[in-house]
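Using UniProt numbering, count along the sequence shown one by one with no gaps and you end on 327. Backbone N, C-alpha and C define an ideal beta-carbon position, used for all residues, glycine too.
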Amino acid sequence: AACGSGGGGNSADKGSGHKLVVGFSQVGAESGWRTANTKSVQESAKKAGIELKFSDAQQKQENQIKAIRSFIQQKVDVIAFSPVVESGWDTVLKEAKDAKIPVILTDRAVDSKDESLYVSFLGSDFVEEGKKAGDWLVKEYQGKSGDVNIVELQGTTGSAPANDRKAGFGDVIKADAKFKVVASQTGDFTRAKGKEVMQAFLKAQPKIDVLYAHNDDMALGAIQAIEEAGKKPGTDIKIVSVDGVKDAFTAMSQGKINYDVECNPLLGDQLMDLVKKVKAGEQVPRRIKTEEGTFTPEQATAALPSRQY
Ligand code: GYE
């Protein structure tokens, strides 16, 4: 149980006998997924009686490194963070390790070879998500001949979900040479960039059959670009996307997105559970995968009224 914050101890023994303190470095506020994830983490911390020091990195690794160093300085009990990109974390994670502060990765992974730098990774399997998008496409064009020209809106360059969703999708569609990724560029997981890059694709590409967007926000931005170009999203250009946020389900119910692969942002409860276990010295799994499904327009329309994010 929490002892309240009234104790008069000096800062040196801060933490002992007090509420658990977690430093959480969030990627940013780039998408509907992220907003839902932030809300989930904040609400779950409150519910669990855990003090959350929340820091928004605005999609910049340098800001996350600064936040982690400040958490170390403040001697938080546990550091949790969602790394904006995969590489470049070893130095700061080593600093946390030397300070004996356990680190939990949430949502996104790092590519560190040294597995002792973090205790657990909680989040989705992004390769699997990319494969699911590819599987849908293969089915959609089964028995049809002729080239299928695909444009791809990638997530943030160097991020785990961008790397893995590209890889998983590419792996599935390479089995049939009719699938051609004619353009692929980052839209940084935002609506504004998704729209901008789609506008460029529409200008440069004489024939686009399919858009594969690494997240819903970019798909929603692209839909605006497609409509402004006088084309029908979902019909003239088929769209497959990832996340499964409410706004995308609304677009699906209007026939504008053809398939959505779910990625669950509601990681808060599982994260706080992990924090407590790690702090209690319990053994925790190295990898905890989120369960998620896929949605056709019919399924999305049915799920819409009860969709939480
Ligand atoms: O798909 C996207 C967000 O890391 C899984 O980040 C997350 C991704 C999510 O900006 O919408």
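Could you check which residue in Ile244, Phe139 and Ala75 has the C-alpha nearest to that of Lys307?
Numbered from its first residue, the sequence shown carries residue 307 at position 289. When only C-alpha atoms are compared, the closest one is Phe139.
Please report the straight-line C-alpha distance between Gln326 and Gln160, rounded to a whole angstrom.
For the purposes of this step, residue 326 is taken as residue 308 along the sequence shown, with counting starting at 1. For the purposes of this step, residue 160 is taken as residue 142 along the sequence shown, with counting starting at 1. Each residue's Cα considered, the two are about 34 Å apart.
Please determine if the stretch 181–192 and the stretch 284–298 are in contact, where contact requires at least 3 C-beta pairs separated by less than 8 Å.
no
Every unbroken beta strand (DSSP E) inside the stretch 243–270 [3 residues or more]:
256–261
Val128: CB within 7 Å of a non-hydrogen atom of ligand 1
Residue numbering aside, residue 128 sits at position 110 when the sequence shown is read from its first letter. Checking the Cβ of Val128 against ligand 1 gives no.
If you draw a straight line from the C-alpha of Ala20 to the C-alpha of Phe144, how long is it?
As a working note, residue 20 is residue 2 in the sequence shown. As a working note, residue 144 is residue 126 in the sequence shown. Confidence at Ala20 is low in this model, with a pLDDT of 37, below 50, so the placement of that residue should be treated as unreliable; the coordinate-derived value is given next. Whole-angstrom Cα-Cα distance: 37 Å.
Would you check whether ligand 1 has a heavy atom nearer than 7 Å to the C-beta of Asp125?
Taking the sequence shown and counting its residues from 1, the one referred to as residue 125 is at position 107. Flag set: Cβ of Asp125 near ligand 1.
Please identify the residue among Met216, Cys281, Val260 and Ser105 whose C-alpha is closest to the C-alpha of residue 337.
In the structure as shown, the chain begins at 19 and stops at 327. Residue 337 is therefore absent and cannot be evaluated.
Tell me whether the stretch 85–92 and the stretch 50–65 touch, counting them as touching only if at least three CB pairs, one residue from each stretch, are closer than 8 Å.
no
Stretch-stretch touch, CB-based, cutoff 8 Å, three pairs: the stretch 66–76 with the stretch 259–266
no
Would Glu48 be called buried (16 or more neighbouring beta carbons within 10 Å of its own) or exposed?
Counted from its first residue, the sequence shown places residue 48 at position 30. So Glu48 ends up on the buried side.
Tell me whether Gly148 is buried or exposed, calling it buried when 16 or more other Cβ atoms sit within 10 Å of its Cβ.
By 1-based counting over the sequence shown, the position of residue 148 is 130. Gly148 is buried by the Cβ-count criterion.
If you scan the stretch 29–70 from start to end, which runs of the alpha helix (DSSP H) of 4 or more residues do you find wholly inside it?
50–66
Buried versus exposed call for Gly41 [16 or more other C-beta atoms within 10 Å across all chains shown]
Residue 41 sits at position 23 when you count from the first residue of the sequence shown. Label assigned to Gly41: buried.
Starting from Asp129, follow the alpha helix (DSSP H) in both directions and report where the run begins and ends.
Position 111 of the sequence shown holds residue 129. Note, Asp129: premise wrong, no alpha helix (DSSP H); not H, not E.
Can you have a look at Ser100 and say buried or exposed, based on whether 16 or more other CB atoms are within 10 angstroms of its CB?
In the sequence shown, the residue the question calls residue 100 occupies position 82. Buried: at least 16 other Cβ atoms inside 10 Å.
If you scan the stretch 259–325 from start to end, which runs of the alpha helix (DSSP H) of 4 or more residues do you find wholly inside it?
264–271, 286–297 and 315–321
Rounded to a whole number of angstroms, what is the C-alpha to C-alpha distance between Thr204 and Lys211?
Taking the first residue of the sequence shown as position 1, residue 204 is located at position 186. Taking the first residue of the sequence shown as position 1, residue 211 is located at position 193. Computed Cα separation, rounded: 8 Å.
Pairwise C-alpha distance: Pro120 and Tyr136
In the sequence shown, residue 136 corresponds to position 118, counting from 1. In the sequence shown, residue 120 corresponds to position 102, counting from 1. Rounded to whole angstroms, Tyr136 to Pro120 spans 7 Å at the Cα level.
Can you tell me where the alpha helix (DSSP H) holding Val200 begins and where it ends?
Along the sequence shown, one-based indexing puts residue 200 at 182. Segment Phe197 to Thr204 is the beta strand (DSSP E) holding Val200; no alpha helix (DSSP H) there.
Please list the segments of the beta strand (DSSP E) lying wholly inside the stretch 90–147, counting only runs of 3 or more residues, in order along the chain.
96–99, 121–124 and 138–141
I need the DSSP call for Ser73, collapsed to helix, strand or coil.
Translated into the one-based positions of the sequence shown, residue 73 becomes position 55. Correct three-state label for Ser73: strand.
Boundaries (first-last residue) of the beta strand (DSSP E) holding Asn167:
Reading the sequence shown from its first residue, position 149 is the one you call residue 167. Run containing Asn167: Val166 to Gln172, per the beta strand (DSSP E) assignment.
Just the Cα atoms here: how many angstroms apart are Val110 and Gly239?
As a working note, residue 110 is residue 92 in the sequence shown. As a working note, residue 239 is residue 221 in the sequence shown. The straight-line gap from Cα to Cα measures roughly 35 Å.
Boundaries of the beta strand (DSSP E) in which Ala218 is found, first to last residue:
In the sequence shown, counting from the first residue as 1, residue 218 sits at position 200. Per DSSP, Ala218 belongs to no beta strand (DSSP E); it is in the alpha helix (DSSP H), Arg209 to Ala222.
Among Asp234, Ala298, Asp153 and Gly311, whose alpha-carbon lies nearest the alpha-carbon of Ile275?
Locating residue 275 in the sequence shown gives position 257, counting from the first residue. Among Asp234, Ala298, Asp153 and Gly311, the Cα nearest to that of Ile275 belongs to Asp234.
Using three-state DSSP, classify Phe231 as helix, strand or coil.
In the sequence shown, residue 231 corresponds to position 213, counting from 1. Residue identity differs from the one stated: residue 231 is Ala in this sequence, not Phe. Strand at Ala231.
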